[in-house]
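For the sequence shown, position 138 (counting from the first letter as 1) is numbered 145 according to our numbering, and the numbering increases by one without interruption. Beta carbons are placed, not taken as given, at the ideal position from N, Cα and C, and that holds for glycine. Note sheet for the following structure.
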Amino acid sequence: MASPNGLIMKKTAFLLLTITCLTATVLSQSKLSPVTLSTDSIESFLLDSTQIQIYIDKKGTNDIKEISALSNQFVFNTSSIADAEKVGAIWVQYQLINNSSSSIDISVGTEADTVLTYLFQGNATKPTLQFLSGKKVSWSKKDGFKESELIPVQIGANQTFHVYQRLKNPVLSPEKQIAVGIFSTQKIIHTEFIEKERQVIDLSHYGNIFFAGFFLLAALFNLLLYKVTKEREYFLLAGFLFFLFIQMNPWFTTVFARENFWLSHKIEEAGLMYLVFLFQFVRHFFNTRLRIRKWDKVLYVVNFALSLSIISEVLLNGNSTVELIRSVIFVGATCLYLATLVYLFRVPGKERKLFAGAMMPFLVCFLSLFVVAIVYIVFSVTGNTSLDQFFEWVGEWAYLINNIAISWAVLYFAHILFRRFEAQKKAIAVKELEKEQERNALIAVQKIELENQVNLRTSELEESLLKLTKTQNQLIHAEKMAALGQLTSGIAHEIQNPLNFVSNFSEVNEELIEEMKLSWMNDDKSLVEELIRDINENTRKINFHSKRADAIVKGMLQHSQVNHYEKELTDINWLCEEMLRISYQTTRSKNNVLKVKFIADYDHSAGEVFVYKKEISRVLLNILNNAFYALSEKLVAPGQKENQDADDMIDKEWQSNLSTGHFETGSLIASTTKSYGFKRQSKEALLPESYEPVIWITTLRNENSLEIRIKDNGTGISASDIGKIFQPFFTTKPTGSGTGLGLSLAYEIITRGHSGELLVSSKKGEYSEFIIRLPF
Numbered sequence: 008m009a010s011p012n013g014l015i016m017k018k019t020a021f022l023l024l025t026i027t028c029l030t031a032t033v034l035s036q037s038k039l040s041p042v043t044l045s046t047d048s049i050e051s052f053l054l055d056s057t058q059i060q061i062y063i064d065k066k067g068t069n070d071i072k073e074i075s076a077l078s079n080q081f082v083f084n085t086s087s088i089a090d091a092e093k094v095g096a097i098w099v100q101y102q103l104i105n106n107s108s109s110s111i112d113i114s115v116g117t118e119a120d121t122v123l124t125y126l127f128q129g130n131a132t133k134p135t136l137q138f139l140s141g142k143k144v145s146w147s148k149k150d151g152f153k154e155s156e157l158i159p160v161q162i163g164a165n166q167t168f169h170v171y172q173r174l175k176n177p178v179l180s181p182e183k184q185i186a187v188g189i190f191s192t193q194k195i196i197h198t199e200f201i202e203k204e205r206q207v208i209d210l211s212h213y214g215n216i217f218f219a220g221f222f223l224l225a226a227l228f229n230l231l232l233y234k235v236t237k238e239r240e241y242f243l244l245a246g247f248l249f250f251l252f253i254q255m256n257p258w259f260t261t262v263f264a265r266e267n268f269w270l271s272h273k274i275e276e277a278g279l280m281y282l283v284f285l286f287q288f289v290r291h292f293f294n295t296r297l298r299i300r301k302w303d304k305v306l307y308v309v310n311f312a313l314s315l316s317i318i319s320e321v322l323l324n325g326n327s328t329v330e331l332i333r334s335v336i337f338v339g340a341t342c343l344y345l346a347t348l349v350y351l352f353r354v355p356g357k358e359r360k361l362f363a364g365a366m367m368p369f370l371v372c373f374l375s376l377f378v379v380a381i382v383y384i385v386f387s388v389t390g391n392t393s394l395d396q397f398f399e400w401v402g403e404w405a406y407l408i409n410n411i412a413i414s415w416a417v418l419y420f421a422h423i424l425f426r427r428f429e430a431q432k433k434a435i436a437v438k439e440l441e442k443e444q445e446r447n448a449l450i451a452v453q454k455i456e457l458e459n460q461v462n463l464r465t466s467e468l469e470e471s472l473l474k475l476t477k478t479q480n481q482l483i484h485a486e487k488m489a490a491l492g493q494l495t496s497g498i499a500h501e502i503q504n505p506l507n508f509v510s511n512f513s514e515v516n517e518e519l520i521e522e523m524k525l526s527w528m529n530d531d532k533s534l535v536e537e538l539i540r541d542i543n544e545n546t547r548k549i550n551f552h553s554k555r556a557d558a559i560v561k562g563m564l565q566h567s568q569v570n571h572y573e574k575e576l577t578d579i580n581w582l583c584e585e586m587l588r589i590s591y592q593t594t595r596s597k598n599n600v601l602k603v604k605f606i607a608d609y610d611h612s613a614g615e616v617f618v619y620k621k622e623i624s625r626v627l628l629n630i631l632n633n634a635f636y637a638l639s640e641k642l643v644a645p646g647q648k649e650n651q652d653a654d655d656m657i658d659k660e661w662q663s664n665l666s667t668g669h670f671e672t673g674s675l676i677a678s679t680t681k682s683y684g685f686k687r688q689s690k691e692a693l694l695p696e697s698y699e700p701v702i703w704i705t706t707l708r709n710e711n712s713l714e715i716r717i718k719d720n721g722t723g724i725s726a727s728d729i730g731k732i733f734q735p736f737f738t739t740k741p742t743g744s745g746t747g748l749g750l751s752l753a754y755e756i757i758t759r760g761h762s763g764e765l766l767v768s769s770k771k772g773e774y775s776e777f778i779i780r781l782p783f
């Protein structure tokens, strides 16, 4: 076990060693070797490790005030920086001293994504000068020489500058150290302006501009050809030229993305897509899908992988792993397609000759430059300078010669594709001509057959039309006869009542006269006087009913003598009620046990309108007859019997509204709801109590038309029949009960004769409603 004195000695030795190290560190920090300058004629030199000290700001949060206070914590630039990308920021400090008697102009350069430079003159506590530069700084925000990334500094005689630089993602030397260069400002100016001005007026510069424009125009032209011809080769060639234009002209990104390094980098990386389009063009030009079917799948997968790697490189913006993968795939795809071309050139076919004719200048140029590059490497290694001028000349003109070779290939391929397209058009035209001839021959045969069929069909149609015309005439005649019969029946029933009264009272008067003779002979004066009064009363009744029958006949004659070709000013309300009366009397002559409720709602402002009175009467009568028929069909009671007492009651009800043989205009208008029908006395004739037949008649004057609505709650019309009821010869009645011309003629009268509308709405088993619109 060690003695206490030994432990004390060890602790003392360790403390002395620690103090010595700290002292050495502080002394080393204070012994930063300044960069002593005496002239600015030296073109450039790099600062050595004793002239630069660095400080690693891992979080990147320190500013210049904090860093200047921490200057004693900087270390010499002797240790390697493992991964500059993962470091927040790296600060660099060094000193510049001018020991000459005149001012000197130098430029300071440090390559990094972002460089923020602070210069402190002498013992100043605040920065005298401040500059911003870097590869990823937008063009408008850069200070100094923007393209060369250098900061110009003028140092006066016997003047000192302490420099701090904040570096983001710096470019390290092969030894993983920070590299700072000092350059002559005059040399930089000479290079930046005089040399570039000489290059601008150089012929090769104009040649590069010309070919850049040529590639772009050729891309647009091939894209236009693709739109016209739909040939995929034109599209692939257009893509190849466009991305080649981007790849071979870096000033394109300078013009369009100089303010955004991120976008500029993506454009440059995207330019590699020209190889993808070139590979696809080779596949389609040689038709590898049919020639080497299995190998074509490999080519497709490799090209897809290359596309994916380029897109990944563009999106991830310079990731080293992705860039390595893309490079490997790029080299592998190029070798694979070159091997495929070698194989395809061994297969007979005109494609290889055409491809060789297009690519031969480019291959010769490529091989020549490849040989020159090998010779240049050998001469550089051996130190031979005899061909330096030749190498310089090749370097100046290689780009232009390469563009000429590519332009030749583009023009040659465009010519080949155009010729192939013309050949395809001719082949297609020949095929179309042959098909057209076959089609014409077939059409000629079909035309003869169709003419025979048409002639046969025409004769059949003419015969059918003749039969149809005869049938139509017969049906029209039957319809007229049926209408005439219904009208006659109604008139006969209407006249029958007053004639019965005349006949009955005449017979009664004869009996009274005989009785009066007997009373006269018996000298019974009081009885004679009474009989005379009865005879006079009966005579007045006979006279009244005779006049009533005369008025009915005159009204019918007046109704039948309407002019067909001239419109009359007609009271529509009166006409509706008149047709209702006639239709009801006609129905009653056939079915005297039907009780119907009539609901009339007439518009008093309807007034009179010009219409063909007889035609409108016919339309109303037809619709009302159909309504009564629908009510009768829905309300069929077995064992119905006629009842004369009910008949007399109907006569009395109608007589209350009669004055001169027809309804007065206001008789039904005054009361919007009336009921007419028969007393139900026989148990066999009783109708169902759950159903009451109703007919609604409504008139309404609108802004430009007069509307008539006739509705019943009868059997209704089915949905399948409602679209056909206005067709000639279509009827829903049983065979022999209707001709199917009534509603068709009504539709013609309203729509053509009066330029109006005839509409219908119905629900099977519930109701039917007809709407007539007559324009003013």
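Distances from the alpha-carbon of I74 to those of K93, S110, I113 and R173 put R173 closest. Within the stretch 592-625, the runs of beta strand (DSSP E) at least 3 residues long that lie entirely inside it are, in chain order, 603-608 and 615-618. Rounded to whole angstroms, the gap between the alpha carbons of E443 and K454 is 16 Å. Nearest in C-alpha terms to V99, of all of S51, V122 and G763, is V122. Per DSSP, the beta-bridge partners of Y125 are Q137 and Y171. Across the structure, D530 and E517 are spaced so that their CA atoms are roughly 20 Å apart.
A distance of 8 Å or more separates the beta carbons of L506 and I542.
In terms of CA proximity to Q503, D557 leads the group D557, K477 and L457. In this chain, R759 is not harboured by any alpha helix (DSSP H), its DSSP state being neither H nor E. In this structure, the alpha-carbon of F397 lies about 29 Å from that of A363. Selection M488, L224 and N409 evaluated against A421 yields L224 as nearest (Cα-Cα).
Taking one beta carbon from each stretch, the stretch 40-47 and the stretch 133-144 have fewer than 3 pairs nearer than 8 Å; the two do not touch. Of the candidates N79, S48, I88 and T46, the residue whose Cα lies closest to the Cα of K65 is I88. For G163, the closest C-alpha among the options R588, F635 and D47 is that of D47. Excluding five sequence positions before and after G67, the CB atoms of its chain that fall closer than 6 Å to its own CB belong to G95 and A96, given in chain order.
Close CB contacts of K740 within its chain, under the 7 Å cut and outside five residues either way in sequence, are absent. Going by beta carbons, I185 and I59 fall inside the 8 Å limit. Residue environment: T328 is assigned as exposed (fewer than 16 neighbouring CB atoms within 10 Å of its CB, all protein chains considered). Among the bridge pairs identified by DSSP, K770 is matched with Y774. In the structure shown, the three-state DSSP call for I630 is helix. Contact check for L781 and V616: beta-carbon distance about 6 Å, within the 8 Å limit, so the pair qualifies. Remark: C-beta atoms of I113 and I196 do not approach each other more closely than 8 Å. Cβ-Cβ separation between L157 and V115: approximately 7 Å, consistent with a contact (criterion under 8 Å). The Cβ neighbour count for N294, taken over all protein chains shown within 10 Å, is under 16; the residue is labelled exposed.
DSSP, read as helix, strand or coil, puts I71 in helix. Here F152 is not near N410, since their CB atoms are 8 Å or more apart. Measuring C-alpha to C-alpha distances from T192 to each of L279, S110 and P181 identifies S110 as the nearest. Counting other Cβ atoms within 10 Å of its Cβ, D395 stays below 16 and is therefore classed as exposed. K194 places its beta carbon 8 Å or farther from that of E399.
When rounded, the separation of the alpha-carbon atoms in Y241 and A434 is 20 Å. Partner residues in the beta bridge of F152, as assigned by DSSP, are L157. Of the candidates P355, A312, Y350 and L322, A312 places its Cα closest to the Cα of V338. Listed in chain order, the alpha helix (DSSP H) elements of length 4 or more contained wholly in the stretch 225-298 are 239-254, 258-264, 268-277, 280-292 and 295-298. In the same chain as S319, and ignoring 5 residues on each side of it, the C-beta atoms closer than 6 Å to its own belong to V329, in chain order.
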